[in-house]
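Accompanying notes for the structure given below.
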Amino acid sequence: NAGVTQTPKFQVLKTGQSMTLQCAQDMNHEYMSWYRQDPGMGLRLIHYSVGAGITDQGEVPNGYNVSRSTTEDFPLRLLSAAPSQTSVYFCASSYAGTSGQETQYFGPGTRLLVL
Amino acid sequence: GIQVEQSPPDLILQEGANSTLRCNFSDSVNNLQWFHQNPWGQLINLFYIPSGTKQNGRLSATTVATERYSLLYISSSQTTDSGVYFCPDDYKLSFGAGTTVTVRA
């Protein structure tokens, strides 16, 4: 298993550009989440999904869109990049289990710099 | 949503020392996990521990769900234990700032 993969590893954008951060998992996990990490602020939840076709907003969803057309993929779209979106982005997935969420696995992260 | 308070916010240890990290929750604990983020940014799941005690090598964790707290024990600390430790409870919630651990040789 490759686990959770993210592409690209690093990206530089100009203000106003759009792009998609890719996230894929091969563990057949129902739950997937996107976080951003800024210095000293932990990981803040952007969007999450409980299964294909179902997404919801997290703590900081503004400026980001997501979709979940398959169980495996959960792309994050930046519609019009702003310098405030400079951050490290992590994708995670977990199995739903019989009594709730189980162990969560993280991808390696994508470093995004918006100029 | 549920609030998580981690203590201490920062911890400096001499190699070989033992330590305890704590997480307090404002509501019931259901899916507690402990993560370690190493200095290179990689996030590694240490324990999935909604209740009870688990051990893995020099690390062990205990969650007392009825009292809404969890503890992570690091014994005989090594420099590779440096990094930030997080204790989120749910995939639908943000992580807090965590506990930053520095182990000095």
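Chain order of the listed sequences is A and B. Quick note: the first sequence uses my numbering, first residue 31, plus one each step. Quick note: the second sequence uses my numbering, first residue 3, plus one each step. In this text, a Cβ means the ideal position worked out from N, Cα and C, and glycines have one as well.
In or out: P10 of chain B buried (at least 16 other Cβ within 10 Å) or exposed?
-> Within the second sequence, the letter at position 8 stands for residue 10 of chain B. With fewer than 16 Cβ atoms within 10 Å of its Cβ, P10 of chain B is classed as exposed.
Exposed or buried, what is W64 of chain A when buried is set at 16 or more other beta-carbons lying within 10 Å of its beta-carbon?
-> Counted from its first residue, the first sequence places residue 64 of chain A at position 34. Under this definition W64 of chain A is a buried residue.
Span separating the alpha-carbon of A126 of chain A from that of S97 of chain A | In the first sequence, the residue the question calls residue 126 of chain A occupies position 96. In the first sequence, the residue the question calls residue 97 of chain A occupies position 67. Straight-line measurement puts the Cα of S97 of chain A at about 19 Å from the Cα of A126 of chain A.
Pick out whichever of B:A107, B:L15 and B:Y71 has its Cα sitting closest to the Cα of L34 of chain B.
-> What you label residue 34 of chain B is simply residue 32 of the second sequence in a count that begins at 1. Measuring C-alpha to C-alpha distances from L34 of chain B to each of B:A107, B:L15 and B:Y71 identifies B:Y71 as the nearest.
Should I14 of chain B go down as buried or exposed, given a rule of 16 or more other Cβ atoms within 10 Å for buried?
-> Your numbering for residue 14 of chain B matches position 12 in the second sequence. Using a 10 angstroms sphere on the CB of I14 of chain B, the tally of other CB atoms stays under 16, which defines it as exposed.
Do L51 of chain A and S96 of chain B come within 8 Å of each other at the CB atom, strictly closer than that value?
-> Residue 96 of chain B sits at position 94 when you count from the first residue of the second sequence. Residue 51 of chain A sits at position 21 when you count from the first residue of the first sequence. Between S96 of chain B and L51 of chain A, the CB-CB gap reaches or exceeds 8 Å.
For T116 of chain A, the three-state DSSP class (helix, strand or coil) = Taking the first sequence and counting its residues from 1, the one referred to as residue 116 of chain A is at position 86. When secondary structure is reduced to three states using DSSP, T116 of chain A falls in the coil class, being assigned neither helix nor strand.
Does DSSP put E132 of chain A in a helix, in a strand, or in coil?
-> Taking the first residue of the first sequence as 1, we reach residue 132 of chain A at position 102. Under the three-state reduction of DSSP, E132 of chain A is assigned to coil, being neither helix nor strand.
Taking S117 of chain A as the reference, which of A:N95, A:Q41, A:F104 and A:Q47 has the closest Cα?
-> Translated into the one-based positions of the first sequence, residue 117 of chain A becomes position 87. Proximity to S117 of chain A across A:N95, A:Q41, A:F104 and A:Q47 peaks at A:Q41, based on C-alpha coordinates.
Would you mind telling me which residues of chain B sit closer than 8 Å to Y78 of chain A, beta carbon to beta carbon, in chain order?
-> In the first sequence, residue 78 of chain A corresponds to position 48, counting from 1. Neighbours of Y78 of chain A in chain B, taken as residues at a C-beta separation under 8 Å, are given in chain order as Y93 and K94.
Per-residue DSSP class, three states only, for A54 of chain A | On the first sequence, residue 54 of chain A is found 24 positions in, with the first residue counted as 1. If DSSP states are grouped into helix, strand and coil, A54 of chain A belongs with the strands.
Neighbour flag for A122 of chain A against chain B, beta carbons, 8 Å = Taking the first residue of the first sequence as position 1, residue 122 of chain A is located at position 92. Cβ-Cβ to chain B under 8 Å: yes for A122 of chain A.
Could you please give the first and the last residue of the uninterrupted beta strand (DSSP E) stretch that includes N33 of chain B?
-> One-based indexing of the second sequence puts residue 33 of chain B at position 31. That residue, N33 of chain B, is in no beta strand (DSSP E); it is neither H nor E in DSSP.
If we count the other Cβ atoms within 10 Å of its Cβ and call it buried at 16 or more, is D91 of chain B buried or exposed?
-> The count along the second sequence starts at 1 and reaches residue 91 of chain B at position 89. Buried, since its Cβ has 16 or more Cβ neighbours within 10 Å.
Give a yes or no on whether the minimum CB-CB distance between G43 of chain B and chain A is below 8 Å.
-> Within the second sequence, residue 43 of chain B is the residue found at index 41, counting from 1. Interface criterion met: the Cβ of G43 of chain B is under 8 Å from a Cβ in chain A.
Report the rounded CA-to-CA distance for S48 of chain A versus N47 of chain B, giving the unit in angstroms.
-> What you label residue 48 of chain A is simply residue 18 of the first sequence in a count that begins at 1. What you label residue 47 of chain B is simply residue 45 of the second sequence in a count that begins at 1. Each residue's alpha carbon lies about 32 Å from the other.
Residues that S79 of chain A bridges to, as DSSP identifies them = Position 49 of the first sequence holds residue 79 of chain A. BP columns for S79 of chain A point to A:M62 and A:T85.
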